[in-house]
């Protein structure tokens, strides 16, 4: 892959910015984009899933009095929250502050994010009529996203911004179950009982996710990550038949624009399939070592991960040893972006994250 | 492995029954024991994890007014609850009705089972003094277990009874965290921060689990299953260093007594290591197909599993297709015990389970 070009990323048609945002140039030479395109620098770039969030006191202060959904639709809040961990930790990338349900809400789906619970859907989607009420997302539905990304890419300068969306399966699980689910039983029953309805649902959700990412790319994001948080609940056979085509429909049209990272938890069995869905970079949780992940993925593998977030509460020597091991194992791949194997736990001491960034940067 | 012999199974010394319980003979020729020892019958034996439990109306009726812990210490209730699914579904094995914390409680650890939550520990165990307060289990601590197993093996006749215990890691996670945990962060921090304390803790818990299984074997159980429900949260490296030796210390002394089944959820990366811990039969969740599990385990692999329990709420044709696929894939192993990939969900229609048993029995 060559230096990213932005135009044409919007699913709805060519982008209105002819040659990419003002920040695309410097961020295109960033360690993150280099690692993601198989041209690694002296050390792996570092960022943390959920780096913008509850582990930071400045985040908790800023969020006081605003709901999650309101924060995700307010450009000033999005911008400030996205920048906080970059300033504090010196990470090598910003991750766009949003929630996977934001684009659904923008198309009129009734969803609230309930603190301590997660997304709760007013009317679960389980029949044809409900699926047909889902309408496509257009860039005009999310002007606050375009505005926030533009501001961010300007403010971030040479630090790349990673755009963000939830993958079709994970979004579908929330919509079908009506909220978070441990076993995804209704979702799995629906996919098997009525494959035609299932595929219609995922096509619509996939279109929404694709546009949501395209809007962020058009406004200047240097990379995107598609989160399929729950994909690890599926067997490879179910993933391949019911999910992969829809994740591919999100990621493939973005080929040649910016690097595409694809991540799920507990997806050791799915890594090759997830790469096949159009991932330039495959996110790996802590259960599979990065050298083993690289072996499974084969030549040209580029991986992201995979420090066990549970270790962030251990003593520093334990963390240091684990970080060094992750970096060493990542050398087996053709590119490595250092990250956790899942999101930052809310009770993490942010000092530890800062020290990890410094440590990885010292491992040239 | 030859026909099981019971004597000597009790970790504390030779068993008091010289030649095995009265039911050992006929149950020793059961399909379950045959499959578990590499001498498969015409079709795979079937049982379901959590078959004795909330999916059965007769269970809910019987449990009314008694706490989970009380039920697990009352021989009449244990016996009746264990027999209910055998009568109703015609499964090929009974699983001893108990809870993994029962042997801990029997040694004086303060634990309650809170409905809707799970085990909650009065004083989490996180330091040397707390570890040293854990004392060994003796058969005299659990007379109700011996009594219930004896009654059951008599009542069950040729249907084998599977004994039951929680594995050291899963028990340790409850004790260290103080209750159920999603990320096991304190547990993982402890194992890495203070390996000596960790190993001391797991040695004691392992001794308790070993004795708990031995008591059941001495009283007549035809097989045992060691549940390491949470092991799938660990990387292979952590499992191998911090858990495997302790699971092995539970299972190895039982070699040559009865078949030992070892199961955890999300353990695709750990199957070979779990076999190495002394499992005659490796339980597999639905994420890894049984033919792939057999391939990973290599020659002589005997597997248990692995219908996705989420599919139990799908329509019958979907269930039937999935059951047939599991049976077909299980033929790749040298022995296969049909089961779900995890426990029966509480809202399962029990009729579906009965039909599954009939279907598997028809697939000779």
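Residue numbers (the working numbering), protein chains in the order written: chain A, 1 to 364; chain B, 1001 to 1364.
Even glycine gets a Cβ: it sits at the ideal position worked out from N, Cα and C.
Predicted model, so just to flag it, every value in this text is computed and none were measured.
For residue i, which residues in chain B fall below 7 angstroms Cβ to Cβ?
i, result
"residue 192(A)", "1311, 1314 and 1318"
"residue 269(A)", "1268, 1287 and 1288"
Determine the chain A residues that contact residue i at a beta-carbon separation under 7 angstroms, and present them in chain order.
i, result
"residue 1362(B)", "None at all; the shortest Cβ gap to chain A is about 21 angstroms."
According to DSSP, which residues form a beta bridge with residue i?
i, result
"residue 263(A)", "227(A)"
"residue 164(A)", "225(A)"
"residue 94(A)", "161(A)"
"residue 318(A)", "Paired residues: none, contrary to the question."
"residue 1336(B)", "1303(B)"
"residue 1120(B)", "1112(B)"
"residue 368(A)", "Given a span of 1 to 364 for chain A in the structure shown, any question on residue 368(A) remains unanswerable."
Kindly indicate the opening and closing residues of the beta strand (DSSP E) around residue i.
i, result
"residue 1114(B)", "1111-1114"
"residue 139(A)", "Careful: residue 139(A) lies outside any beta strand (DSSP E) and carries neither H nor E."
Hey, out of the options, whose CA is closest to residue i's CA?
i, options, result
"residue 1284(B)", "1266(B), 1295(B) and 1254(B)", "1266(B)"
"residue 80(A)", "155(A), 355(A) and 114(A)", "155(A)"
"residue 1343(B)", "1271(B), 1229(B), 1259(B) and 1280(B)", "1229(B)"
"residue 1084(B)", "1360(B), 1350(B) and 1356(B)", "1350(B)"
"residue 52(A)", "72(A), 43(A) and 37(A)", "72(A)"
"residue 126(A)", "89(A), 67(A), 190(A) and 290(A)", "190(A)"
"residue 143(A)", "295(A), 253(A), 302(A) and 107(A)", "107(A)"
"residue 59(A)", "226(A), 28(A), 76(A) and 135(A)", "76(A)"
"residue 148(A)", "174(A), 204(A), 78(A) and 173(A)", "78(A)"
"residue 1187(B)", "314(A), 110(A) and 204(A)", "314(A)"
"residue 1341(B)", "1050(B), 1245(B), 1043(B) and 1030(B)", "1050(B)"
"residue 1332(B)", "1295(B), 1246(B), 1323(B) and 1094(B)", "1295(B)"
"residue 278(A)", "292(A), 247(A), 308(A) and 161(A)", "247(A)"
"residue 206(A)", "170(A), 259(A) and 180(A)", "170(A)"
"residue 199(A)", "165(A), 241(A), 235(A) and 224(A)", "241(A)"
"residue 212(A)", "327(A), 90(A) and 99(A)", "99(A)"
"residue 305(A)", "288(A), 87(A) and 231(A)", "288(A)"
"residue 225(A)", "29(A), 33(A) and 26(A)", "33(A)"
"residue 118(A)", "138(A), 175(A) and 163(A)", "175(A)"
"residue 987(B)", "1105(B), 1115(B) and 1329(B)", "Here chain B has residues from 1001 to 1364 only, and residue 987(B) is not among them."
"residue 1216(B)", "1276(B), 1197(B), 1140(B) and 1249(B)", "1140(B)"
"residue 1201(B)", "1104(B), 1045(B), 1026(B) and 1316(B)", "1104(B)"
"residue 317(A)", "356(A), 62(A), 345(A) and 111(A)", "356(A)"
"residue 1036(B)", "1092(B), 1145(B), 1180(B) and 1208(B)", "1092(B)"
"residue 1336(B)", "1321(B), 1259(B), 1270(B) and 1347(B)", "1259(B)"
"residue 1138(B)", "1325(B), 1204(B) and 1310(B)", "1204(B)"
"residue 1045(B)", "1066(B), 1274(B), 1055(B) and 1094(B)", "1094(B)"
Listing by chain order, which chain B residues have their CB less than 9 angstroms from the CB of residue i?
i, result
"residue 184(A)", "1310"
"residue 189(A)", "1310, 1311, 1312, 1313, 1314, 1315 and 1318"
Which two residues bound the contiguous alpha helix (DSSP H) that contains residue i?
i, result
"residue 1356(B)", "1350-1362"
"residue 1276(B)", "1271-1276"
"residue 102(A)", "102-106"
"residue 1380(B)", "Residue 1380(B) is absent from the structure shown; chain B starts at 1001 and stops at 1364."
"residue 1131(B)", "1128-1133"
"residue 1046(B)", "Run containing residue 1046(B): none; DSSP gives neither H nor E here."
"residue 59(A)", "57-63"
"residue 70(A)", "68-71"
"residue 1082(B)", "1075-1089"
Confirm the yes/no value for this check: CB of residue i, any heavy atom of the ligand MN, distance under 7 angstroms.
i, result
"residue 281(A)", "The model on display carries no ligand, and the ligand MN is accordingly not part of it."
Note to self: Against chain A, which members of the region 1326-1350 of chain B pass a CB distance test of less than 7 angstroms?
What the structure shows: 1345
Members of the region 1228-1260 of chain B that neighbour chain A once the beta carbon cut-off is set at 9 angstroms
1232, 1233, 1234, 1235, 1236, 1237 and 1238
Exercise. Looking at chain A, which residues of the region 1150-1170 of chain B have a Cβ within less than 8 angstroms of any of its Cβ atoms?
Worked result: none
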